[in-house]
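Engineer:
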Amino acid sequence: MTAKEIIAYMESLQNEEQRRILMGFFKTGPGEYGEGDEFLGLKVPQTREVVKMALNIDHGPLTIDEVPELLMSKWHEVRLCGLLILVAKFEKLATKRLENDEKAIRGRDEILTMYLKYAERANNWDLVDLSVHKILGHWLLLPSNLGDKDNKIKVLDGLAQSDNLWKQRMSIVCSWKTSQMGDPSWCLRYAEIHLHHPHDLMHKAVGWMLREMGKRVSMDLLRDFLRQHAHEMPRTMLRYAIEKMSEKERQEWMGLTPSPSPKGEGNYVGKVIKYAGVPVPDFVEMILKGGDEAMYYLLHDRLKHPLHDRYEAYSNHLCDDYEDVIDDFFLYLRENGRYPYEPLQRIKKKASFETWLLNTFRNYLSNRAETEGQGFSSQPNCEAHSLIVSDGGIGDEEKIRIVSRLIAYAHQVFYPRGRFIFLRSLLTMLNKQRAVPNKEMAEALDMSDLAYRVAVYRMKQNVKRFRERLLNGETVRLDDEHQQMADYINRDFIHLYPTLFRIYLECIDTLKTSTAVKDLRKQYLEERGYAVHEPNADSPIRVRIPAFWEKLNRWITI
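When we follow our numbering, the leftmost residue of the sequence shown carries the number 3, and every step to the right adds one.
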């Protein structure tokens, strides 16, 4: 099959009525963005059928050398056909099995080179949007002989800085694929570059890509970007970006136009952008050189979707949501050795890092399910099953004694910040409220996000070991002051909440950031409309022992 045969066949399908509609729809009049473009009047499904015919092995598939003749055609639909043929050929060479195959790499590079050479022939938004993310966007995340990360950025920068509107659109719309694959850095980088673009088509494209990035990767990351740039974004761009948010939040963004947040170390958007184009194997060296932030980014953004797929396979047998589990896994990798990230040193082939990480996560989930008493083959729904390790006959009175000593022990051994985190967690359980997010709490305590998560992890491990010793019947000594506290909590367990709240307030007063912590907690609860159960001697909180023990047991099970 040749390009001439395809063109002749497509011309035979010409539809005059549909042609007039398309010429108006794609703005082909004088001075419009599609000025001078010519149409046959074919609908996209018809063009896709022609592509299937052109690639049909029974007919003798069209070779890549024939594609330029299609791309140089005056007919819009014929150029689309040529682009879709390149897409189909690229996707065939980009499967997981062929990702690192040398022959496939050369084939992908050849297609990408041809696509860029004839980029100006994709001279309308549909030609760009139906092809660029599946060729250029996918190529950004795959091995290539055309250069490393810096070269890939150079390719996109060349498109972004071009005088051609359609090349500029390519530089941002290609991030549709990178966001689908869990890498938001490309979208954020080129959204910033095009923030002040004068054309409405680019406003829509940038807003659309930001919306997709938020949906596919992280809404918090999208909000961070908006906090930094909403005040200067064109209204169309902002409307597209916030389209999937609630009506209330959309009105806030459109009406209040938040003032920009200062750039600096706390700007997560800036941190994400710096990882644009870093191949997954290269993260191993970055992490081993002390790049905790690199591992956190990799797990939460770049590999979010494959990790989440594995989590979903076990989710019915786990009692924590994805974000909690992934946080624990990150810290498990960091702390599970004689020095940080010791397991990564054992990876022989850096190219297999992603596979190793996903398999390790799967094994971690399986072990965690068993540890929580919920073996993977058991019946799901953790609310229906007790997580109490000591279910072999221990009574409520003994449970109260253990919880009392656990609280007193934590208050005795933890430093003020750890004590505060522990008490805040217990109060959150009793209130049946969501905790303040780790990132915000870390800022209020004047800690880095990583330092906060490591502190939480080590605190849980410490409490877990102490709890296991109590369950095994060991007598673990508390000093006189905290033994008295344990006896008081044990005697008046019905007043547990007021007791905890009093200790919590005392703890806040020992922190340098006490005002910030109080204000953050108040603001967080008010925003979500929660009613805080403050201590009240006349009607104390009556704690349901089994329910509270189950929550506590779950919380300290890693």
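Where a beta carbon is used, it is the ideal one built from N, C-alpha and C, also for glycine.
#1: With the cut-off set at 9 Å, would you say I328 and L301 are in Cβ contact?
#2: What residues in its chain sit with their C-beta under 6 Å from that of R304, if we drop five residues either side in the sequence?
#3: Is the Cβ-Cβ distance between G279 and I107 less than 9 Å?
#4: Below 8 Å on the Cβ atoms is my contact criterion, and I expect Y298 with S187 to pass it. Report the Cβ-Cβ distance as a whole number of Å.
#5: Taking C-alpha atoms, which residue in Q525, L428, R479, Y454 lies nearest to N555?
#6: What are the uninterrupted segments assigned as alpha helix (DSSP H) that are 4 or more residues long and contained completely in the region 140-180, given in chain order?
#7: Does the beta carbon of R436 fall short of 8 Å from some heavy atom of the ligand GTP?
#8: As a quick exercise: from E68, S220, L203, pick the residue whose alpha carbon is nearest that of W189.
#9: Determine the closest residue to F468 out of T501, V438, Q414, with distance taken between C-alpha atoms.
#10: Kindly indicate if chain D contains any beta-carbon less than 9 Å away from that of A5.
#11: Tell me whether F550 sits in a helix, a strand or coil according to DSSP, three-state version.
#12: For the alpha helix (DSSP H) that contains D68, what are its first and last residues?
#13: Where A243 and E68 are concerned, what is the direct C-alpha to C-alpha distance, given to the nearest angstrom?
#14: Pick helix, strand or coil for E79, following the three-state DSSP scheme.
#15: In three-state terms, what does DSSP make of I8?
#16: Of the choices S248, R237, V274, K246, whose alpha-carbon is the least far from that of M256?
#17: Just the Cα atoms here: how many angstroms apart are G209 and A5?
#18: Counting only the same chain and skipping the five closest in sequence on each side, list residues whose C-beta sits under 6 Å from that of Q182.
#19: Compute the distance between the beta-carbons of E254 and L452, then report whether it is under 9 Å.
#20: State the DSSP-derived secondary structure class of E295, mapped to helix, strand or coil.
#21: Grab the span of the alpha helix (DSSP H) containing N126 for me, first residue to last.
#22: Evaluate D226 with the Cβ neighbour count: other Cβ atoms within 10 Å of its Cβ, from every protein chain shown; 16 or more gives buried, anything less gives exposed.
#23: Going residue by residue through the region 309-352, where are the continuous alpha helix (DSSP H) segments of at least 4 residues, counting only ones entirely within it?
#24: Could you tell me whether the Cβ atoms of A437 and M449 are closer together than 9 Å?
Structural biologist: By the coordinates alone:
#1: yes
#2: G184, D185
#3: no
#4: The pair is not a contact, with the Cβ atoms about 14 Å apart (cut-off 8 Å).
#5: L428
#6: 151-162, 167-175
#7: Absent from the structure shown: the ligand GTP. Ligands present: none.
#8: Note on identity: in this sequence residue 189 is Cys, with Trp being the wrong assignment. Closest option to C189, Cα to Cα, is S220.
#9: Q414
#10: Given the protein chain composition of this structure (a single chain), no chain D is represented.
#11: helix
#12: Going by the sequence as given, residue 68 is Glu instead of Asp. E68 -> no alpha helix (DSSP H), and no H or E assigned at all.
#13: 39 Å
#14: helix
#15: helix
#16: R237
#17: 37 Å
#18: R218
#19: no
#20: helix
#21: Per DSSP, N126 belongs to no alpha helix (DSSP H) and is neither H nor E.
#22: buried
#23: 324-337
#24: no
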